[in-house]
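Engineer: Below you'll find the structure I mean.
Number of protein chains: 2
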Amino acid sequence: MDIEDLFIKDKIDLLNRENHLIDDIPGQKFIVISEFTLQSGVILKDVPVAYMTWGELNEEKSNVILVCHIFSSSADVSDWWGPLLGAGRALDSSKFFIICFNVLGSPYGTASPLTVNLETGEPYGPDFPITTIRDDVYLHRKVLDLLKINTIALVVGGSLGGMHALEWAMLGSNTVRNIISISSSGRHSAWGISCGEVQRQIIYLDHRYNGGHYAKDCSPEVGLCVARMSAFLTYRSHDSFVSKFGRRSNSVCGTKSRISFELTSRDGFQSCNYSSEDGYDSDSTLDTFIIGKKDILASIGYHSGVAIGSSRKIDGSGSMVFSAQSYLRHQGEKFAKNFDANCYICISKKMDTHDIAHLRNSSHEKCLNSIEQPTMIVGIESDALFTICEQEELATHIPNASFYKIDSYDGHSGFLIEFDQLNLMIGEFIKNNLSEFTSTTN
Amino acid sequence: MDIEDLFIKDKIDLLNRENHLIDDIPGQKFIVISEFTLQSGVILKDVPVAYMTWGELNEEKSNVILVCHIFSSSADVSDWWGPLLGAGRALDSSKFFIICFNVLGSPYGTASPLTVNLETGEPYGPDFPITTIRDDVYLHRKVLDLLKINTIALVVGGSLGGMHALEWAMLGSNTVRNIISISSSGRHSAWGISCGEVQRQIIYLDHRYNGGHYAKDCSPEVGLCVARMSAFLTYRSHDSFVSKFGRRSNSVCGTKSRISFELTSRDGFQSCNYSSEDGYDSDSTLDTFIIGKKDILASIGYHSGVAIGSSRKIDGSGSMVFSAQSYLRHQGEKFAKNFDANCYICISKKMDTHDIAHLRNSSHEKCLNSIEQPTMIVGIESDALFTICEQEELATHIPNASFYKIDSYDGHSGFLIEFDQLNLMIGEFIKNNLSEFTSTTN
Numbered sequence: 001m002d003i004e005d006l007f008i009k010d011k012i013d014l015l016n017r018e019n020h021l022i023d024d025i026p027g028q029k030f031i032v033i034s035e036f037t038l039q040s041g042v043i044l045k046d047v048p049v050a051y052m053t054w055g056e057l058n059e060e061k062s063n064v065i066l067v068c069h070i071f072s073s074s075a076d077v078s079d080w081w082g083p084l085l086g087a088g089r090a091l092d093s094s095k096f097f098i099i100c101f102n103v104l105g106s107p108y109g110t111a112s113p114l115t116v117n118l119e120t121g122e123p124y125g126p127d128f129p130i131t132t133i134r135d136d137v138y139l140h141r142k143v144l145d146l147l148k149i150n151t152i153a154l155v156v157g158g159s160l161g162g163m164h165a166l167e168w169a170m171l172g173s174n175t176v177r178n179i180i181s182i183s184s185s186g187r188h189s190a191w192g193i194s195c196g197e198v199q200r201q202i203i204y205l206d207h208r209y210n211g212g213h214y215a216k217d218c219s220p221e222v223g224l225c226v227a228r229m230s231a232f233l234t235y236r237s238h239d240s241f242v243s244k245f246g247r248r249s250n251s252v253c254g255t256k257s258r259i260s261f262e263l264t265s266r267d268g269f270q271s272c273n274y275s276s277e278d279g280y281d282s283d284s285t286l287d288t289f290i291i292g293k294k295d296i297l298a299s300i301g302y303h304s305g306v307a308i309g310s311s312r313k314i315d316g317s318g319s320m321v322f323s324a325q326s327y328l329r330h331q332g333e334k335f336a337k338n339f340d341a342n343c344y345i346c347i348s349k350k351m352d353t354h355d356i357a358h359l360r361n362s363s364h365e366k367c368l369n370s371i372e373q374p375t376m377i378v379g380i381e382s383d384a385l386f387t388i389c390e391q392e393e394l395a396t397h398i399p400n401a402s403f404y405k406i407d408s409y410d411g412h413s414g415f416l417i418e419f420d421q422l423n424l425m426i427g428e429f430i431k432n433n434l435s436e437f438t439s440t441t442n
Numbered sequence: 001m002d003i004e005d006l007f008i009k010d011k012i013d014l015l016n017r018e019n020h021l022i023d024d025i026p027g028q029k030f031i032v033i034s035e036f037t038l039q040s041g042v043i044l045k046d047v048p049v050a051y052m053t054w055g056e057l058n059e060e061k062s063n064v065i066l067v068c069h070i071f072s073s074s075a076d077v078s079d080w081w082g083p084l085l086g087a088g089r090a091l092d093s094s095k096f097f098i099i100c101f102n103v104l105g106s107p108y109g110t111a112s113p114l115t116v117n118l119e120t121g122e123p124y125g126p127d128f129p130i131t132t133i134r135d136d137v138y139l140h141r142k143v144l145d146l147l148k149i150n151t152i153a154l155v156v157g158g159s160l161g162g163m164h165a166l167e168w169a170m171l172g173s174n175t176v177r178n179i180i181s182i183s184s185s186g187r188h189s190a191w192g193i194s195c196g197e198v199q200r201q202i203i204y205l206d207h208r209y210n211g212g213h214y215a216k217d218c219s220p221e222v223g224l225c226v227a228r229m230s231a232f233l234t235y236r237s238h239d240s241f242v243s244k245f246g247r248r249s250n251s252v253c254g255t256k257s258r259i260s261f262e263l264t265s266r267d268g269f270q271s272c273n274y275s276s277e278d279g280y281d282s283d284s285t286l287d288t289f290i291i292g293k294k295d296i297l298a299s300i301g302y303h304s305g306v307a308i309g310s311s312r313k314i315d316g317s318g319s320m321v322f323s324a325q326s327y328l329r330h331q332g333e334k335f336a337k338n339f340d341a342n343c344y345i346c347i348s349k350k351m352d353t354h355d356i357a358h359l360r361n362s363s364h365e366k367c368l369n370s371i372e373q374p375t376m377i378v379g380i381e382s383d384a385l386f387t388i389c390e391q392e393e394l395a396t397h398i399p400n401a402s403f404y405k406i407d408s409y410d411g412h413s414g415f416l417i418e419f420d421q422l423n424l425m426i427g428e429f430i431k432n433n434l435s436e437f438t439s440t441t442n
């Protein structure tokens, strides 16, 4: 470690002083870009960029696979696409140099609302500017320049990461040789914008959000939790929920997955419909909720083993907690503990701005038509967020595109679940288009 | 008007003392049921039931069409199915006696959280008990008994109303002769439960909700607004939003459809992404929101005519308001002014309880199989809330069922939009199954 490295480490520590969310991502590397001008014209100074790599860069620096991460994840591909990563797998780290950059606005290391603004000495918070998919691509390209990498063999990403992949494609085939975009789009749809709008409004609704000016120990966790619950529905599908849960109730909900942030009566969560049999503590903070006689119901009895909520100190509304409800709450709670509300809004708005035709003086179709690289478009029939039609549109207009479907009932999330199919698809695409690295003689 | 009528009128006025939402429904009739035992065992006293009728009851009292309303509507069929109602239309009031009852928990006249509990002298509020679809059917049957109506020629309803129609079917063909269920189900799906769960959690999140103990002038309107925005997405479809809005921005959003409840900085709405060009008043309550230099963005320029948000007194985040966002906000706002949060939670939980097999000692399939009446099941391919598969399941298991599709891109809401198709379908069904009323000689 030379002196410059030490200097950067100190600076990174300073910039990430308030961000505990990166503590759980071992092995991240950082570069600090001293100044970066966003599309909006805003100039960011001292911009940390977090990234992770796997495998070795070859001498020609030609074996780079750039993986673009999803909304909620970090640069740690092993964390969310682990089964695709490693020797013999699609993202073969014995042959390729795999790199993934964390995006602007994400809480996992690159500049975001959690980053300390060295001009003020405080985290940006809600003052962190809006950034675009294109900002990310230009910023990450700057880092690649510093690493003296001029050409990327393949850019691959799904959802938010697919937006990045398509924006990378617009830099031309000298910069990016091949593209894989999964369950994504060339411009964010009115539907995607609407789903994001609801999620943001949910966060604003949490009185702790306070215009984004919240302290670390008083963050709008419940708002973030409910926003994630709302988002989670867009990631899955009607059929995946029905087949997974039916109308089952969850008898262990109380201990396993109730929303367990510290609740005060003002949080309104006393109205969650936990029945007393769900393991609710009578000494919980909810005991201030005095319910009327009419609400001390016998259980309506939809499921055996669920009896009467009878204490006046607990929520005795008697209504059932169904497995699906409980699962959603669990998903929301888990997420809220590992994300940040301002970052959520940042990335959500970033998605809204995505439009490869923007400022390119061209139509969306013509932009797609200008993509020369071999491209694989992957879609999922049950995806309600980025529909199969949107994927077909991409494949139709990109001249050198092939189109594949992931077979999954799990909607948009399918590409984070169906690893076997993805290993095959991506592996095959790489074999066909980057044979110089994958042929057995190599 | 005899003395008893006067007495009832006084009682109704007393029971609805705090409910201003029924003021806009002229022509409602009321009956007060002195005591009603719910499935839960809870006994409700002095239960007002609001209903509306069109046409004349024939001498045999055999020409009754019962229409069951949707989640957000009242017994005023003319308000939401107007084009289907009247002489020569599907719900032909020149031949039939059309009746629609408001359901328990709804804010439009039947007993609900807004109703005064005569035992306490105050509205039930959050202490109003959970009620089921079956409770509604039994309560409304009681009213029909009082009206000396023993047989219903046809029960028809969509969504929540379809749940009621199927529950009515279970009373047998002596009580109900024909059934039409549109975009509904015999039991609420895990998906429907999950969507409802998110909407309820959104309302709980509004600090004004306060466990349901809010004053009329301090109700959780913003929470209700956002819950409706969330629900609205489940009523429409990806394609309907994309075709309606694309990526257009709404230059009149500021005046037309921003969420305009009285906002304080604690509401967090200062973070709504209105650009300054959206007509935001600099003297609004948001002027306490001081933004950082970095946030005074040039517009990212996605749409011509949208320039820079530059005042420190307004939200200068510079992000766009897209038409779809704006439309959603408008829908939410409109709804929140005409509904009640406790009622919302009531009806939402009621839907969760819906399961025609419950306590019938039989499987769902066998219950459907026991429905003897001529039944028309109607579905919409683009419906993501009550899927076409659920409709096919109903039609498959109900022995005497026919199955029709509404052709619509508008998802679940299609049955509130495609009146021509519905007039044809329902009219044809009535002609075939109730020919004694519709033949020209009649």
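Chains A and B, in that order, are what the protein sequence lines are. Mapping the first sequence onto full-length UniProt numbering, position 62 (from 1) lands on 62, and the numbers just tick up by one. Mapping the second sequence onto full-length UniProt numbering, position 404 (from 1) lands on 404, and the numbers just tick up by one. From the three backbone atoms N, C-alpha and C, an ideal C-beta is built for every residue, glycine too.
(1) Can you list the residues of chain B that Cys195 of chain A reaches, using a CB-CB cut of under 8 Å?
(2) Distance cutoff 7 Å, beta carbons only. Does Arg187 of chain B sit that close to anything in chain A?
(3) Residues in the same chain with beta-carbon distance under 6 Å from Asp383 of chain B, minus the five sequence neighbours each way, listed in chain order, please.
(4) Figure out for me which residue from B:Gly157, B:Ala324, B:Leu85, B:Met425 has the closest Cα to the Cα of Gly55 of chain B.
(5) Name the chain A residues whose beta carbon is nearer than 7 Å to that of Thr53 of chain B?
(6) Check the Cβ of Gly246 of chain A against every Cβ in chain B and list those closer than 7 Å, keeping chain order.
(7) What did DSSP end up calling Ala190 of chain B once you bin it into helix, strand or coil?
(8) From the beta carbon of Leu118 of chain A, is the nearest beta carbon of chain B less than 7 Å away?
(9) Less than 8 Å between C-beta atoms, sequence neighbours within five positions excluded: which residues of the same chain meet that for residue 450 of chain A?
(10) Kindly indicate if chain B contains any beta-carbon less than 7 Å away from that of Met170 of chain A.
(11) Starting from Asp145 of chain A, follow the alpha helix (DSSP H) in both directions and report where the run begins and ends.
(12) Buried or exposed, going by whether 16 or more other CB atoms sit within 10 Å of the CB of Ser330 of chain A?
(13) Can Ala165 of chain B and Cys100 of chain B be called in contact, C-beta distance under 7 Å?
(14) Rounded to a whole number of angstroms, what is the C-alpha to C-alpha distance between Arg312 of chain B and Phe36 of chain A?
(15) Can you tell me whether Ala357 of chain A is helix, strand or coil according to DSSP?
(16) In the structure shown, what three-state DSSP assignment does Glu221 of chain A receive?
(17) What is the rounded straight-line gap between the Cα of Ile371 of chain A and the Cα of Met170 of chain A?
(18) Apply the 10 Å Cβ neighbour rule to Ala50 of chain B and answer buried if 16 or more other Cβ atoms are within range, or exposed otherwise.
(19) Under the DSSP definition of a beta bridge, which residues are partnered with Ala50 of chain B?
(20) For Ser435 of chain A, tell me which candidate among A:Ala153, A:Ile33, A:Val47 has the shortest Cα-Cα distance.
(21) If you draw a straight line from the alpha carbon of Glu59 of chain A to that of Tyr235 of chain A, how long is it in whole angstroms?
(22) Provide the residue(s) that pair with residue 449 of chain B in DSSP beta bridges, ordered along the chain.
(23) Under a Cβ-count criterion, where at least 16 other Cβ atoms within 10 Å of its own Cβ denotes burial, should Thr375 of chain B be classed as buried or exposed?
(24) With Gly411 of chain A as the anchor, note down where its alpha helix (DSSP H) starts and where it stops.
(25) If you draw a straight line from the alpha carbon of Gly192 of chain B to that of Gln325 of chain A, how long is it in whole angstroms?
(26) Determine whether the Cβ of Ile202 of chain B lies closer than 7 Å to any Cβ atom of chain A.
(27) Below 8 Å CB to CB, which residues in the same chain sit around Met229 of chain B once its five sequence neighbours on both sides are set aside?
(28) Which residues, in chain order, does the stretch 384 to 404 of chain A contribute to contact with chain B at a C-beta distance below 7 Å?
(29) Considering only the beta carbon of each residue, do Tyr209 of chain A and Gly186 of chain A sit closer than 7 Å?
(30) Our contact map puts Leu205 of chain B next to Asp23 of chain A with C-beta atoms below 8 Å; I'd like the distance itself, whole angstroms only.
(31) Taking the alpha-carbon of Gly196 of chain B as reference, which of B:His354, B:Gln421, B:Asp407 has the nearest alpha-carbon?
(32) Which residues of chain A have a Cβ atom closer than 7 Å to the Cβ of Gly223 of chain B, listed in chain order?
(33) Going by CA-CA distance only, name the one from B:Val77, B:Ser74, B:Cys346, B:Lys95 that's closest to Ser62 of chain B.
(34) If you follow the beta strand (DSSP E) that Val64 of chain B is in, where does it begin and where does it stop?
(35) Along the chain, where does the beta strand (DSSP E) containing Ile99 of chain B start, and where does it finish?
Structural biologist: On the basis of the data shown:
(1) Leu233
(2) yes
(3) Ser183, Gly411, His412
(4) B:Leu85
(5) In chain order: nothing, as chain A lies at least about 30 Å away.
(6) Ala190
(7) helix
(8) no
(9) Outside the displayed span of chain A (1 to 442) sits residue 450 of chain A, for which this structure offers no information.
(10) no
(11) 133 to 146
(12) According to the sequence provided, residue 330 of chain A is His. The question's Ser does not apply to it. Buried, by the Cβ-count rule.
(13) no
(14) Reliability fails at Arg312 of chain B, whose pLDDT of 20 lies under 50, so the model's placement of it is uncertain and the value that follows must be treated cautiously. Those two C-alpha atoms are separated by around 24 Å.
(15) coil
(16) helix
(17) 6 Å
(18) buried
(19) B:Phe30
(20) A:Ala153
(21) 41 Å
(22) The requested residue 449 of chain B does not occur in the structure, where chain B is confined to residues 1 to 442.
(23) buried
(24) Careful: Gly411 of chain A lies outside any alpha helix (DSSP H) and carries neither H nor E.
(25) 10 Å
(26) yes
(27) Leu328, Arg329, Gln331, Gly332
(28) Ala384, Thr387
(29) no
(30) With 8 Å as the limit, Leu205 of chain B and Asp23 of chain A do not qualify as a contact, their Cβ atoms being about 28 Å apart.
(31) B:His354
(32) Leu205
(33) B:Lys95
(34) 64 to 68
(35) 97 to 101
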